[in-house]
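Undergrad: Below is the structure I would like to discuss, written out as structure tokens.
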Amino acid sequence: MATVTVDRDRLVRTFLDLVAIDSPTGQEQRIGVELERRFTELGADVRRDEAGNLIATLAGGPGEGFLISTHMDTVGTDVGIRPIVGDDGVIRTDGSTVLGADDKAGIASCLELLTLLGEHPELPHPTIEFVVSVAEEAGLVGSRQLDVARLRSTHGYVFDTAGAIGSITYWAPTAMDVDVTVHGRKAHAGVEPEKGVDALRVAAEAIAAMPLGRIDEETVAGIGILAGGEARNVVPATAVLTGQARSHDQGKLDRQLAAMRAAVDAAAQRHGATYEFVAEEIYHTYHIDPVAKPYRDAARAIRAHGLEVIDRKSGGGTDGNFLNARGIPCVGLATGMVDEHATSEHIAIDDMVAACAILLTIATQQQ
0 MATVTVDRDR
10 LVRTFLDLVA
20 IDSPTGQEQR
30 IGVELERRFT
40 ELGADVRRDE
50 AGNLIATLAG
60 GPGEGFLIST
70 HMDTVGTDVG
80 IRPIVGDDGV
90 IRTDGSTVLG
100 ADDKAGIASC
110 LELLTLLGEH
120 PELPHPTIEF
130 VVSVAEEAGL
140 VGSRQLDVAR
150 LRSTHGYVFD
160 TAGAIGSITY
170 WAPTAMDVDV
180 TVHGRKAHAG
190 VEPEKGVDAL
200 RVAAEAIAAM
210 PLGRIDEETV
220 AGIGILAGGE
230 ARNVVPATAV
240 LTGQARSHDQ
250 GKLDRQLAAM
260 RAAVDAAAQR
270 HGATYEFVAE
280 EIYHTYHIDP
290 VAKPYRDAAR
300 AIRAHGLEVI
310 DRKSGGGTDG
320 NFLNARGIPC
330 VGLATGMVDE
340 HATSEHIAID
350 DMVAACAILL
360 TIATQQQ
């Protein structure tokens, strides 16, 4: 059987085409229509669920079917992205927007995989389900609404992680959203401030007392938004803190949330304020053993390309958190993206090609 290789130029063209379609979270309609067209033309059976997630199934031969998870939205509100292909073989922007390699590099590789399998029907492969979610960047919103019971895959690969090519993300944290509302008492700040209870001051003291940032090697926490007040000369009656805590260890996460709550409670008691403290799990941790099929098959494919397998413990969440929680074990695979979520985001073409080649090997290696 002749060696089948990724078409470098075609992969880059596909990636650039996708990047040119604006798709910040909540604005996925155009990219969704385009992806539905492309997956259908490449021979997949395509459906969209009520949330807008796209599920494309390529029927295959014997063997355990698997899924590849990507997402169609890009982070933030950036539109009008203009990718620049550098002489150094790296694709970046002019620095005014993100690139959108997160996760359009992953989607481009999936489309290239479909194209190669269509061009080479002699290549054996099991049934593959491509799951392209919406609103991933808003807290895995699309995957939360995915009807996993309709999927037939026994395992999967989340093609949406950073790290060196050859990285396997086998462990991801639990994330808890934290929302705190502090209730003080309004008063005229210039005439009778002593009659007020400054909710913003309470919130600020609570934040100052919280353990935040890198707590330990498995735990992080932060307050991202502090809002409140209505005018310069009014003691603010309400303040709202919005943050998050994450950990790979449930005990550490529980202690972190307790410390954050205690800081709010102490500040509120000092000033006579009241508060509501709400902590909601956004996604749950997963830990894939190296002997599990998704890890084992990914590692074999990576080594087949002469690369080192790199175990990666992620501090972030992906749609894989939900897929794992719902009984489909998945690992994350690197796409080549670097500095995702920043205007310095970029991707080397060589890395994108290598990542796609690993995907092809996973799909066609003996089960």
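With numbering that gives the first Met the number 0 applied, the sequence shown closes on residue 366, and no number is skipped along the way. We treat Cβ as the ideally placed atom computed from N, Cα and C, and that holds for glycine.
Of all Cβ atoms in chain C, is any one closer than 9 Å to the Cβ of G183?
TA: Included in the structure is just one protein chain, with no chain C present.
Undergrad: Check S108 in the structure and name its three-state DSSP category.
TA: Walking along the sequence shown from the start, residue 108 turns up at place 109. In the structure shown, S108 sits in a helix (DSSP, three-state: H, G or I).
Undergrad: For the beta strand (DSSP E) holding E35, just list the boundary residues, first then last.
TA: Translated into the one-based positions of the sequence shown, residue 35 becomes position 36. Element bounds for E35: not the beta strand (DSSP E) but the alpha helix (DSSP H), 28-40.
Undergrad: Compare the C-alpha of A137 against each of D146, Q26, D197 and name the closest.
TA: Start at 1 with the first residue of the sequence shown, and residue 137 comes out as number 138. For A137, the nearest C-alpha among the options comes from Q26.
Undergrad: Helix, strand or coil: which one does DSSP assign to P235?
TA: For the purposes of this step, residue 235 is taken as the residue at position 236 of the sequence shown. It is coil, neither helix nor strand.
Undergrad: When we look at the beta-carbon of H286 and count the other beta-carbons within 10 Å, is it buried (16 or more) or exposed?
TA: Sequence index remark: in the sequence shown, residue 286 carries index 287 (1-based). Exposed, because fewer than 16 other Cβ atoms sit within 10 Å of the Cβ of H286.
Undergrad: At a cut of 8 Å, does the region 49-63 reach the region 1-15 through at least three beta carbon pairs?
TA: Judged by Cβ distances under 8 Å, the region 49-63 makes no contact with the region 1-15, as fewer than three pairs qualify.
Undergrad: Given a cut-off of 9 Å, decide if G155 and V42 are closer than it, judged by their beta-carbon atoms.
TA: Counting from 1 along the sequence shown, the entry for residue 42 is found at position 43. Counting from 1 along the sequence shown, the entry for residue 155 is found at position 156. The sequence shown places Gly at residue 42, rather than the Val named in the question. No; because the gap between Cβ atoms is not below 9 Å, this pair is not in contact.
Undergrad: Using three-state DSSP, classify V74 as helix, strand or coil.
TA: Taking the first residue of the sequence shown as position 1, residue 74 is located at position 75. Coil.
Undergrad: Which residue's Cα is closest to the Cα of G331: G64, G165, Q243?
TA: Your numbering for residue 331 matches position 332 in the sequence shown. Of G64, G165, Q243, the residue nearest in Cα terms is G165.
Undergrad: If you draw a straight line from the C-alpha of K312 to the C-alpha of D101, how long is it?
TA: Here residue 312 is taken as the residue at index 313 of the sequence shown, counted from 1. Here residue 101 is taken as the residue at index 102 of the sequence shown, counted from 1. Near 18 Å, if we compare the C-alpha coordinates of D101 and K312.
Undergrad: Look at Y274 and V196 and say whether their C-beta atoms are less than 9 Å apart.
TA: Position 275 of the sequence shown, counting from 1, holds the residue named residue 274. Position 197 of the sequence shown, counting from 1, holds the residue named residue 196. For Y274 and V196, no; Cβs fall outside 9 Å.
Undergrad: Cα separation between S95 and T73?
TA: Translated into positions along the sequence shown, residue 95 becomes position 96. Translated into positions along the sequence shown, residue 73 becomes position 74. Distance between the alpha carbons of S95 and T73: 15 Å.
Undergrad: Could you check how far apart the C-beta atoms of E128 and L66 are, in whole angstroms? I think they sit under 8 Å.
TA: The residue you call residue 128 lines up with position 129 of the sequence shown. The residue you call residue 66 lines up with position 67 of the sequence shown. Correct: roughly 4 Å between the Cβ atoms.
Undergrad: Whole angstroms are fine: how far does the CA of I30 sit from the CA of D21?
TA: Residue numbering aside, residue 21 sits at position 22 when the sequence shown is read from its first letter. Residue numbering aside, residue 30 sits at position 31 when the sequence shown is read from its first letter. Each residue's alpha carbon lies about 7 Å from the other.
Undergrad: Which residue wins for smallest C-alpha separation from V89, given the options M351, Y169, G315?
TA: Position 90 of the sequence shown, counted from the first residue, corresponds to residue 89. Here the closest residue by C-alpha is M351.
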